[in-house]
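Undergrad: Residue numbers (my numbering): 26 to 164.
Just so you know, even glycine gets a beta-carbon here, dropped at the ideal spot from N, CA and C.
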Amino acid sequence: MATSQAALGQAPVVKKSAGLALAAVFSAYAVSNLYMYALNIASPKIAADLNGMALYAWAISIPALASAFVTLIFGKLSDMYGRRTILLVCMGFFTVGAALAALSQDFVLNIVARFIIALGQGALAACVDLRVQFLRLRG
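Structure (structure tokens):
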């Protein structure tokens, strides 16, 4: 006697866990974007405080290039090593970069920290896009 998953009550659990996973990924992406926007708004003041106005253009262009570059690479890596693993790596990059940005004593270290944050955020963008497509295809 075959019983369906819906009769056993397993289908709603899958949809609920998929919804929770999607909410977690979206909230992580939203927090990373809010952090980057706040950092970009505060950039002129940070550059002035750390005597780095001559390097201010680098603080904007390097993270943008890094984010665009790793979006492609981490999209492929998530296919090879799994989305959860890559998502955790992305969050690790973002956390380490945020800690370095908070502890930076000169503007060059701040630019390096922004580069690490951009690695995490660009990879996170690829993971969010792939997660949404995977959940949509899964049903």
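When the cut-off is 8 Å and only beta carbons count, does R139 lie next to chain D?
TA: In the structure shown, chain D does not exist; there is a single protein chain.
Undergrad: Please state if the CB of I136 and the CB of I87 are separated by a distance shorter than 8 Å.
TA: Closer than 8 Å, so yes.
Undergrad: Could you check if I66 is buried or exposed, using at least 16 other CB atoms within 10 Å of its CB as the buried criterion?
TA: So I66 ends up on the exposed side.
Undergrad: Identify the continuous alpha helix (DSSP H) that holds M78 and give its terminal residues.
TA: Here M78 belongs to no alpha helix (DSSP H), and DSSP marks it neither H nor E.
Undergrad: If you run the structure through DSSP and keep just helix, strand and coil, what is D131?
TA: In the structure shown, D131 sits in coil (DSSP, three-state: anything other than H, G, I, E or B).
Undergrad: Would a C-beta distance cut-off of 8 Å place T96 and A150 closer than the cut-off?
TA: Yes.
Undergrad: Which word fits S42, buried or exposed, when buried means at least 16 other C-beta atoms lie within 10 angstroms of its C-beta?
TA: When all chains shown are included, S42 counts as exposed.
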